[in-house]
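Quick note on numbering: the sequence shown equals residues 192 to 492 in the working numbering. Notes follow the structure.
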Amino acid sequence: MKLNDYTKLLSDERLNIFLSTLSVTNRTPEYYVNWDKVERETKRFELELHTLNYLIGKENIYDEALDLFSKQPGLLQAIPSLIASRDKVLDILSINEQDEMTFDQLNFSKIDILRIQDYVDFIHQAGLLEFLQNKANRSLVDYVYGVEAGLDSNARKNRSGTTMEGLLERHVAKICQEYSLEFKPQATAPYIKENWGINVPVDKSERRFDVAVYSKEKNKLWLIETNYYGGGGSKLKAVAGEFTELSQFVATSSDNVEFVWVTDGQGWKTAHLPLSEAFGYITNVFNLYMLKQGYLFELFQ
């Protein structure tokens with residue numbers, strides 16, 4: 192189906208086509224691990240980790256650790272990485288044999304040299320000393336490299352949106368090169384006004400559009416927002432409402448401005464009603480399949 196045929200359909204018909212062509216994933220191979228970040232985070236404490244190799248296999252490891260950290264307290268800054276924590280200031284709950292609870296805080300960013308034994312006690316109770324004594328059998332740098340790769344998996348949710356932005360930007364760049372159009376990622380209303388002379392009403396002053404495309408020949412602007420939702424949830428209703436309102440704001444411009452929403456993901460199948468309402472206001476709602484079919488090429492042409 193061509194773009195013109197799609198946009199002439201009733202909103203419910205467009206919605207049904209959209210839902211039936213949703214992708215099962217937007218995960219490129221780069222999605223899984225950001226190796227540059229893993230290497231950067233590992234190198235931050237590479238020297239400290241090499242020094243801490245000294246503790247591997249030590250018999251009287253508690254006393255050895257207490258002596259080492261007393262002489263070189265800065266080594267303690269590497270401990271959060273060894274226990275897979277992004278936090279450098281740790282709040283700690285301790286429960287004794289009488290079930291009495293006490294709360295403490297240890298700062299691994301700014302080491303309190305008067306509390307070295309408290310740090311070592313925590314490391315011992317966290318099981319790290321036992322690991323170093325009996326289970327670690329290779330470089331702690333290599334170990335932390337693996338830890339960082341695991342921690343990086345927590346950033347995958349954010350990368351899903353970044354992946355969509357990257358896919359959209361590359362797609363738009365190809366079209367703009369072919370049709371001699373201008374484009375700007377993360378475009379603001381002031382930037383658009385200053386560079387292209389187009390007035391863009393926005394719902395909030397800090398609004399940044401994922402991609403803005405400008406045709407000097409037509410003096411026309413397309414504003415594109417993109418996201419991806421692999422799973423359902425209440426957030427989808429809010430997202431659909433947000434982009435519906437944004438499209439209405441954009442439509443009030445005195446200039447030739449058109450709003451485009453590129454979204455995808457199986458999660459939208461759980462938000463049929465709010466998405467249906469959005470389709471009633473936004474004509475240009477596309478998924479990745481529609482981009483593959485050339486809808487943006489036709490739209491900008």
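A virtual CB, placed ideally from N, CA and C, is assigned to each residue, including glycine.
Roughly how many angstroms separate the alpha carbons of residue i and residue j, rounded to a whole number?
i      : j      : result
Ser445 : Glu408 : 18 Å
Phe441 : Ile415 : Residue 441 is actually Val in this sequence, not Phe. Approximately 11 Å, taken between the alpha carbons.
Met355 : Thr216 : 11 Å
Glu321 : Phe477 : 54 Å
Leu323 : Asn244 : 8 Å
Gly432 : Leu246 : 56 Å
Thr242 : Ser438 : 57 Å
Val363 : Ile208 : 23 Å
Tyr486 : Ser396 : 30 Å
Arg361 : Asn195 : 23 Å
Leu259 : Ala380 : 57 Å
Met481 : Asp394 : 27 Å
Leu201 : Asp278 : 51 Å
Cys367 : Glu373 : 6 Å
Lys326 : Phe236 : 21 Å
Leu257 : Asn287 : 22 Å
Gln316 : Tyr253 : 11 Å
Lys228 : Lys234 : 10 Å
Pro376 : Asp312 : 50 Å
Tyr420 : Glu255 : 50 Å
Taking Cβ positions, are residue i and residue j nearer each other than 8 Å?
i      : j      : result
Asp518 : Ser214 : What the structure shows of the chain is the stretch from 192 to 492, and residue 518 is not part of that stretch, so it cannot be assessed.
Glu468 : Thr435 : yes
Leu427 : Trp452 : no
Arg205 : Phe470 : yes
Gly265 : Ile302 : yes
Leu267 : Leu331 : no
Gly341 : Ala275 : yes
Val335 : Val391 : no
Applying the criterion that 16 or more other CB atoms from any shown protein chain within 10 Å of the CB defines a buried residue, is residue i buried or exposed?
i      : result
Thr417 : buried
Thr293 : exposed
Met192 : exposed
Val280 : exposed
Trp226 : exposed
Leu305 : exposed
Tyr370 : exposed
Leu297 : buried
Glu239 : buried
Leu359 : buried
Apart from the five residues on each side of it in sequence, which residues of its chain come closer than 7 Å, Cβ to Cβ, to residue i?
i      : result
Tyr295 : Per the sequence shown, the amino acid found at residue 295 is Asp instead of Tyr. Ile283, Ser285, listed in sequence order.
Gly423 : Gly458, Thr461, Ala462
Trp387 : Tyr405, Leu412
Please go through the same chain and pick out, in chain order, the residues whose beta-carbon is closer than 6 Å to the beta-carbon of residue i, but skip the five residues on each side of it.
i      : result
Ala378 : Phe400, Ala403
Thr198 : Thr474
Gly248 : none
Ile389 : Ile383, Leu412, Asp446
Glu232 : Glu339
Report all residues from its chain with a CB closer than 8 Å to the CB of residue i; omit the five preceding and five following residues, and keep chain order.
i      : result
Ile270 : Phe299, Tyr310, Ile314, Leu319
- Task: Any chance you could list the alpha helix (DSSP H) runs of at least 4 consecutive residues sitting entirely within the stretch 331-403, in chain order?
- Result: 331-343, 347-370, 380-387
- Item | Runs of alpha helix (DSSP H) wholly within the stretch 257-312 (minimum 4 residues, chain order) | Listed in chain order, the alpha helix (DSSP H) elements of length 4 or more contained wholly in the stretch 257-312 are 270-273.
- Query: Fully enclosed by the stretch 233-258, which alpha helix (DSSP H) runs are 4 residues long or longer?
  - Reply: 237-243
- Complete beta strand (DSSP E) runs within the stretch 402-470 (minimum length 3 residues, chain order): 411-419, 447-455
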